[in-house]
Structure formats: C-alpha cells, structure tokens
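Student: Mind having a look at this structure? Questions to follow.
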C-alpha cells in the first residue's frame, strides 16, 4: 500500500489518533531531504491553516510537485473559496440532500465530515458525496433551506486543532477506516507491489463489460503478479488516490461518473484503462465517423446529419438504413428504418436529445468480427452472431434485459489478415489502451462498424480459448505500465 504521511503542526498532540510512525511536522516535510526521494506517498495535510502562502498551503503545493498525493489538493482548497463552484457542485448532492435532510427542522444545518465519514449513519451517503466533491480530511458543510429545498452554501476546511474531545474517538475510527478502506489487513507472505481499483457495478444490466466470474479471474490474476485488486463503486471517487491503477469495468460515457473517475485517476498519476481520451473518442459516433473517414479506414457509407438534412441523407444512403445516436452503446440508441415512415419516426425521436445523428448504410451479415486489442496488439478474436430473428448481436427484450446471439472464440491464426490489419489500424487511431473493434466482411470487403473502449470480457465467452491466460495478459500489461511509471518517478 502507498505509505501515508500525516503532516501536522504539532504531531505530539495527535499520536493517539494517527499512526505515530507516519506523523510528520510541516517543517520536516517541507525541508527534510528524506521526503524528496521520489518515492510514492499519500500526504494527509492536517495543518492548522491552508491560507495562501501558509505552511499548510505549501505542504499541499510541494506534495503535488513531488508527485505525492496531497489531501487536500490545492485545487480543492481553492474550490472551497469559490461560491460559484460550490453552487455548481451543490446540484450533484440534490438526491442525497433530499434523503438525509428531510427530517431536519429549521432552515440551516451544518454537517461535519471526517475522512468521508459522518457521526450519524443517516448522513453517511451525503458525507461521502461531499468528500468526493471536496476531498479533504476534515470539512464542515453548511446547508440552507429555501423554497426550492436544501442547498449547499459553504464548505469549510476544518483545522485539526478545532476537533473537540467529544469527537476524538470518532476521528480515530474514521482515520482507521480511511487507511484500511474497511478491509482488515490480512497476513500474507509478501506484501503486494501495486494496488489496482476495479470500478464495477454488479447490478448493471445484462450488457455489462464483465460478468462477476470474470472479475474474480482478474483479481486472481492480479494477485499472482503481486497486484492487489479491490472493487470500487461510484461512491469511492474520493479514494482513487489510494491506488496505483484504475481498471474500469463498467459501461463508459462522457456524461457519466466513469469518465470523471478516469479523469481524476489520471490527474492523480494512476495507470488507467479505460483512459479518459479513449472514452471521449469511442463514446461518440460523430467523432468516430470523422476519425475513421480522415484516416481512410473503410466503414459502411456514413453520413452525419441534422433535422434539415433528413431528406438529403435518406436519398444518399437509401433504405434500409441504420440510425445511431452519437452516444449510443452496445445496441441501445441504434435503430433500423426500412421505410420512410420509420425513418421519420425514429429520427424525430432521436432529435429530441441530440442535434446531430449518424446514418449508416445497412450492412447485413451473419456475424460481426470482434477483434480485441491491447497496447496495439491482438489480444483475442471472436465472432458474434446476430440474435435470433434480429439484425443485431443484442436484442432488447425489456428495459433491463437483452438476448444475445451466440459467440465463437477464434484462434489468432484463423483471423483473416485483412480483418486483423484493419482492426489494428482502427484501434491504434484511438490510443494504446484496451479496445474492441467490430467489423463486418461483406463481398470480400472489410468495414469497421465501431471501436469500443470498454470491450466485453466475460468468463465463459471471450476467454473460451485463452482461459486464465487472457486475464493474466491484461493484468501483466497493468504491471508493465505501473513499473514504467514507478521507474520514471525514481
């Protein structure tokens, strides 16, 4: 685990609350050469003040320069001083405020949050979300009730010296839970070299990126390589800095917490799959269409259009035609129109949420190729067959359920050279991450349908041929990247 440094003005006063061997004075941290070695550290800044040019301010500033991970970061300190930022972020607390503060009498309320924890369980979810928005050891949130309901009006960074005797025991418990993340340390022969958080929602619908058994196999493969993997959910945003790597195994989107996790993890210096740029590029069909066209990577005839271009677009593409929302994923947000009436109905519905749509020539085939690429190289290949009596791989049967066609894992040597060459060119146009490229072979021609930043890896499906080796290869790539990052720091 990345070592913690608890930086305070007077460590001797707090030895009963924090690990004594980790307590450091602000002066020592700022001036002692021992803390400039380049070794990774998590700096918990508990100085009495964070005001500009105070020691507390410089502890966080210097920690960032040393590639340590300060809590709070300078950005957080500044955000708490800006009413416009507080008002903007307050909207993200709406649901939690409604639930937690519903029974509060009066028009104002203050809530103390110590290391993402609150004294009363009823405020626990709200406290964790406050910590996620304003990651700092000790904060006090001020709420005010108006005719529109509760709103966050101010955030104070609380000085350690202001913690009263009645709160010391709770603070000690919060620190312990923060350090261990609720997982008691288990004896082991050798401590892990690295820690990777796996962002995963087991309740996600049937099109989730990995099934539970695959997640278990990732964890097991990591452990064998000296990587300790822990599952994260959307409420763990404020704790990303505790890890060396982030592996996103949820369906990603730009206007979604998966993208915010990727951005924050990159700012914290973690190795990230899927990285934010890959999410941004793959999640939008408009971007993909433009990119593939510019690089002369073959696709079915594709047109970007708005409301005023509907007639011209239909005349150009012809019927039947596939219509895609720019941010569609899997088979959702993708429709086929076989008549002009269907074209008008589907596009009218989609234009309610997007000013641009993508029209693509319908290219029927018995199966799609899925070429999964990691770091610019083939990882595995599959054939995904169309769902029964349907034109797509997935058929939506209800709001949360889908029916999938069968799949078949293919040996690398059996992948047609043209399919592999086209897939690698498309994936490498996005980056060096983990991608699933969907292609079709039609009349001897190979066309790219899309590039996915979060490809499906299910136990019993994609691992049909490679078995456990598939998970080992992916976690080995994490290890390679983390070792490289560590070497650059030293």
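Residue numbers (the working numbering): 1 to 490. From the three backbone atoms N, C-alpha and C, an ideal C-beta is built for every residue, glycine too.
In terms of DSSP beta bridges, what is residue 4 paired with?
Tutor: Residue 4 sits at position 4 when you count from the first residue of the chain shown. Assignment of beta-bridge partners to residue 4 by DSSP yields 42.
Student: To the nearest angstrom, how far is the alpha carbon of residue 184 from that of residue 178?
Tutor: As a first step, residue 184 must be located in the chain shown, where it is residue number 184. As a first step, residue 178 must be located in the chain shown, where it is residue number 178. Summary for residue 184: the model assigns pLDDT 44, below 50, so the residue's position carries little reliability; its value from the coordinates is reported in the next sentence. Near 11 Å, if we compare the C-alpha coordinates of residue 178 and residue 184.
Student: Quick one: is residue 182 buried, meaning 16 or more other Cβ sit within 10 Å of its Cβ, or exposed?
Tutor: Along the chain shown, read from residue 1 onward, the residue named residue 182 stands at position 182. Because the pLDDT of residue 182 is 44, which lies under 50, any placement of that residue in the model is unreliable, and the question is left without a value.
Student: Check residue 412 in the structure and name its three-state DSSP category.
Tutor: Taking the chain shown and counting its residues from 1, the one referred to as residue 412 is at position 412. Residue state, collapsed to three classes: helix.
Student: For residue 297, which option in 269, 355, 234 and 445 has the closest C-alpha, if you only look at C-alpha atoms?
Tutor: For this step, residue 297 is matched to residue 297 along the chain shown. Among 269, 355, 234 and 445, the Cα nearest to that of residue 297 belongs to 445.
Student: Starting from residue 83, trace the alpha helix (DSSP H) in both directions and tell me its first and last residue.
Tutor: On the chain shown, position 83 is the one that residue 83 refers to. Where residue 83 is concerned, the enclosing alpha helix (DSSP H) stretches over 83-90.
Student: Going by DSSP, what residue range makes up the beta strand (DSSP E) through residue 435?
Tutor: Walking along the chain shown from the start, residue 435 turns up at place 435. Element bounds for residue 435: 434-442.
Student: Along the chain, where does the alpha helix (DSSP H) containing residue 132 start, and where does it finish?
Tutor: As a position in the chain shown, residue 132 is number 132, starting the count at 1. Its alpha helix (DSSP H) spans residues 124-133.
Student: Since I believe residue 314 is in contact with residue 339 (beta carbons under 8 Å), could you give me their beta-carbon distance rounded to a whole number of angstroms?
Tutor: As a first step, residue 339 must be located in the chain shown, where it is residue number 339. As a first step, residue 314 must be located in the chain shown, where it is residue number 314. Actually they are not in contact, since the Cβ atoms of residue 339 and residue 314 sit about 11 Å apart, beyond 8 Å.
Student: In terms of residues, what are the limits of the alpha helix (DSSP H) holding residue 235?
Tutor: Position 235 of the chain shown, counted from the start, is the residue given in the question as residue 235. Unbroken run through residue 235: none, as it is neither H nor E.
Student: CB-CB under 7 Å to residue 219, same chain, minus the five flanking residues each way: which ones, in chain order?
Tutor: Mapped onto the chain shown, residue 219 falls at position 219. The answer, listed in chain order, is 229.
Student: Pop quiz: residue 241 and residue 194 are said to be a contact at Cβ under 8 Å. What is the actual Cβ separation, rounded to whole angstroms?
Tutor: Against the chain shown, residue 241 aligns to sequence position 241. Against the chain shown, residue 194 aligns to sequence position 194. So it is not a contact: roughly 14 Å between Cβ atoms.
Student: With a threshold of 16 other CB atoms inside 10 Å of the CB of residue 147, please say whether the residue is buried or exposed.
Tutor: The sequence position of residue 147 within the chain shown is 147, counting from 1. That one is exposed.
Student: Beta-carbon within less than 7 Å of residue 475's beta-carbon, same chain only, minus the 5 sequence neighbours each way: which residues are those?
Tutor: In the chain shown, the residue the question calls residue 475 occupies position 475. The residues are 218, 221, 222, 225 and 227.
Student: Measuring alpha carbon to alpha carbon, tell me which of 344, 385 and 73 ends up nearest residue 441.
Tutor: Indexing the chain shown from 1 puts residue 441 at position 441. Closest option to residue 441, Cα to Cα, is 385.
Student: Residue 109: which of 205, 368, 36 and 149 sits nearest, CA to CA?
Tutor: The residue labelled residue 109 in the question sits at position 109 within the chain shown. Considering only alpha carbons, the answer is 149.
Student: Label residue 376 either buried or exposed according to how many other C-beta atoms from any shown protein chain fall within 10 Å of its C-beta, with 16 as the threshold for buried.
Tutor: In the chain shown, residue 376 corresponds to position 376, counting from 1. In summary, residue 376 is exposed, with fewer than 16 beta-carbon neighbours lying within 10 Å of its beta-carbon over all protein chains present.
Student: Taking only the alpha-carbon atoms, compute the straight-line gap between residue 404 and residue 207 and give it to the nearest angstrom.
Tutor: The count along the chain shown starts at 1 and reaches residue 404 at position 404. The count along the chain shown starts at 1 and reaches residue 207 at position 207. Cα to Cα, the separation comes out at about 9 Å.
Student: Taking all protein chains shown into account, decide if residue 127 is buried (16 or more other Cβ within 10 angstroms of its Cβ) or exposed.
Tutor: Reading the chain shown from its first residue, position 127 is the one you call residue 127. Burial call: buried.
Student: Can you have a look at residue 325 and say buried or exposed, based on whether 16 or more other CB atoms are within 10 angstroms of its CB?
Tutor: What you label residue 325 is simply residue 325 of the chain shown in a count that begins at 1. Its Cβ being crowded by 16 or more others within 10 Å, residue 325 is buried.
Student: Check whether the Cβ atoms of residue 279 and residue 254 lie closer than 8 Å to each other.
Tutor: Here residue 279 refers to the residue found at position 279 of the chain shown. Here residue 254 refers to the residue found at position 254 of the chain shown. Yes. Within cutoff.
Student: Sort out for me which residues DSSP pairs residue 228 with in a bridge.
Tutor: Mapped onto the chain shown, residue 228 falls at position 228. In the DSSP output, where bridge partners are listed per residue, residue 228 has 195.
Student: Hey, how far is the Cα of residue 102 from the Cα of residue 94?
Tutor: Locating residue 102 in the chain shown gives position 102, counting from the first residue. Locating residue 94 in the chain shown gives position 94, counting from the first residue. Each residue's alpha carbon lies about 12 Å from the other.
Student: Decide if residue 257 is buried, meaning its Cβ has at least 16 other Cβ atoms within 10 Å, or exposed.
Tutor: For the purposes of this step, residue 257 is taken as the residue at position 257 of the chain shown. With 16 or more other Cβ atoms inside 10 Å of its own Cβ, residue 257 counts as buried.
Student: In the DSSP assignment, find the unbroken beta strand (DSSP E) run with residue 371 in it and report its ends.
Tutor: Here residue 371 refers to the residue found at position 371 of the chain shown. Residues 367-374.
Student: Would you mind reading off the limits of the alpha helix (DSSP H) that contains residue 154?
Tutor: Counting from 1 along the chain shown, the entry for residue 154 is found at position 154. Taken as a continuous stretch (DSSP letters only), residue 154 belongs to no alpha helix (DSSP H), being part of the beta strand (DSSP E) at 149-157.
Student: Could you say if the segment 289-304 and the segment 352-372 meet the contact criterion of at least three C-beta pairs nearer than 8 Å?
Tutor: yes
Student: Which partner residues of residue 171 appear in the DSSP bridge assignment?
Tutor: Mapped onto the chain shown, residue 171 falls at position 171. According to DSSP, residue 171 bridges with nothing at all.
Student: Going by other Cβ atoms of all chains shown within 10 Å of its Cβ, with 16 needed for buried, is residue 69 buried or exposed?
Tutor: Walking along the chain shown from the start, residue 69 turns up at place 69. Buried, since its Cβ has 16 or more Cβ neighbours within 10 Å.
Student: What number of angstroms, rounded off, separates the C-alpha of residue 421 from the C-alpha of residue 136?
Tutor: As a position in the chain shown, residue 421 is number 421, starting the count at 1. As a position in the chain shown, residue 136 is number 136, starting the count at 1. Rounded to whole angstroms, residue 421 to residue 136 spans 48 Å at the Cα level.
Student: Return the first residue and the last residue of the alpha helix (DSSP H) that residue 76 is part of.
Tutor: Here residue 76 corresponds to residue number 76 of the chain shown, with the count starting at 1. Segment 74-79, the alpha helix (DSSP H) holding residue 76.
Student: Do you know offhand how far residue 4's Cα is from residue 285's?
Tutor: The residue you call residue 4 lines up with position 4 of the chain shown. The residue you call residue 285 lines up with position 285 of the chain shown. Approximately 43 Å, taken between the alpha carbons.
Student: Touching or not, the segment 167-177 and the segment 107-121, by the rule of three or more beta carbon pairs under 8 Å?
Tutor: yes
Student: Straight-line CA distance for residue 124 to residue 202?
Tutor: Start at 1 with the first residue of the chain shown, and residue 124 comes out as number 124. Start at 1 with the first residue of the chain shown, and residue 202 comes out as number 202. Near 22 Å, if we compare the C-alpha coordinates of residue 202 and residue 124.
Student: How about residue 322 and residue 343: are their beta carbons less than 8 Å apart?
Tutor: In the chain shown, the residue the question calls residue 322 occupies position 322. In the chain shown, the residue the question calls residue 343 occupies position 343. Against a cut-off of 8 Å, the Cβ pair of residue 343 and residue 322 comes out as no contact.
Student: So what does residue 382 bridge to, in DSSP terms?
Tutor: To locate residue 382, count along the chain shown from 1; it is residue 382. Residue 382 is bridged by DSSP to 370 and 409.
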